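My numbering puts the sequence shown at residues 1071 to 1354.
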Amino acid sequence: MADSQFARPELPQLIATIRSDLLTRFQQDVVLRRMDAEVYSRVQAAAVHTLYGYIDYLARNMLPDMCDEDWLYRHARIKRCPRKNAVSAKGFARWDGIAGTPEIPAGTQIQRDDQVTFTTLQTVKASGGLLRVPVIADVAGTAGNTDDGTALRLGTPITGIPSTGYADTLTGGADTEEPETWRARVMERYYWIPQGGADPDYVIWAKEVAGITRAWTFRHYKGTGTVGVMVATSNPVNPAPGDDLVKAVRDHILPLAPVAGGGLFVFAATEKSIPVTVALAKDT
């Protein structure tokens, strides 16, 4: 039961135990298929088996390490560690070589070739041949993150603007936090009780921001009393977060950090190339 040394009895074992107890109390030693003791033993065994199941369910869910996802919400609330919701990607759609000053109104829908859609956030006029309008993905999640230069097409034609533009720093989308990743953060709250600015506090605070899954703290990063926090995502290709996400981490930590702190520096992990030489030996 919940990985303990207690062995939960199976239903046939419960039936046999209760039947034996009833026959002993009734001073009988003959078991007939439809005798009262047989009926009582099966009914009571079923009830007891259900209770064992419920107790086992409670034993698994009373702590966050093995609990169901529904119970994890409760444990997380107690530790003030809510699940990170999905975040929509934000950035810009860009058109170059525009003649005149046509404008794109706020609320205009723009579509990627794979049917992912974006909406413009404000009305923008072209200037100097350039039209760069802020957009947000209509559906939250990493699907909205778009490589620079990816084609974006207007859903409705606009006079003076080509139907195809291009993505420009369209990033920051994050999926809803995976249950096991969330569970690990909740467990961290049990291991590392907030200490008002100790090393683990900065790691926990940084990972509370959607999209950030790893963080490291550097004491006295740029002088006595300063703190450096390096952050990274789970992206296997490029785990370094963008400037907007790094700023979001800093903005999140600042109200939580000690008032007397000498300075907070949040920065993205940087790529480090490691030259590797492989020596091949013939299989003889």
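The beta-carbon is built from N, C-alpha and C at its ideal position, and this holds for glycine as well.
All figures in this text were calculated on a predicted structure; none of them were measured in a lab.
- Between the stretch 1271 to 1285 and the stretch 1238 to 1251 there are three or more inter-stretch CB-CB distances shorter than 8 Å, so the stretches are counted as touching.
- Per DSSP, T1171 lies in no alpha helix (DSSP H) and is assigned neither H nor E.
- When secondary structure is reduced to three states using DSSP, L1224 falls in the strand class.
- For L1081, the secondary structure class from DSSP, reduced to helix, strand or coil, is helix.
- Per DSSP, Y1236 is one residue of the beta strand (DSSP E) stretching across T1234 to T1241.
- Around V1194, the same chain offers E1173, I1174, L1201, R1202, V1203 and P1204 as residues with beta carbons nearer than 8 Å, after the five sequence neighbours per side are excluded.
- In the three-state scheme derived from DSSP, where H, G and I count as helix and E and B as strand, R1164 is classed as strand.
- Where R1182 is concerned, there is no enclosing alpha helix (DSSP H), although the beta strand (DSSP E) around it starts and stops at Q1179 to R1182.
- When the Cα atoms are used, M1132 and R1150 turn out to be separated by approximately 17 Å.
- Shortest Cα-Cα distance from A1146 to any of A1254, D1271 and G1267 involves A1254.
- Under the criterion of beta carbons closer than 8 Å, G1298 and G1332 do not qualify as touching, at roughly 12 Å.
- Note on M1136: under 16 other CB atoms within 10 angstroms of its CB, so exposed under the neighbour-count rule.
- Here the stretch 1254 to 1265 makes no contact with the stretch 1217 to 1224; the two share fewer than three CB pairs at distances below 8 Å.
- Minimum Cα-Cα distance from F1162 among the listed residues Y1124, N1215, R1144 and D1126 corresponds to N1215.
- In this structure, DSSP gives G1332 a state outside helix and strand, which the three-state scheme calls coil.
- For the alpha helix (DSSP H) assignment, the uninterrupted runs of no fewer than 4 residues enclosed by the stretch 1236 to 1307 are, from N- to C-terminal side, 1249 to 1261 and 1269 to 1277.
- Note on geometry: alpha-carbon atoms of W1286 and A1339 lie some 10 Å from one another.
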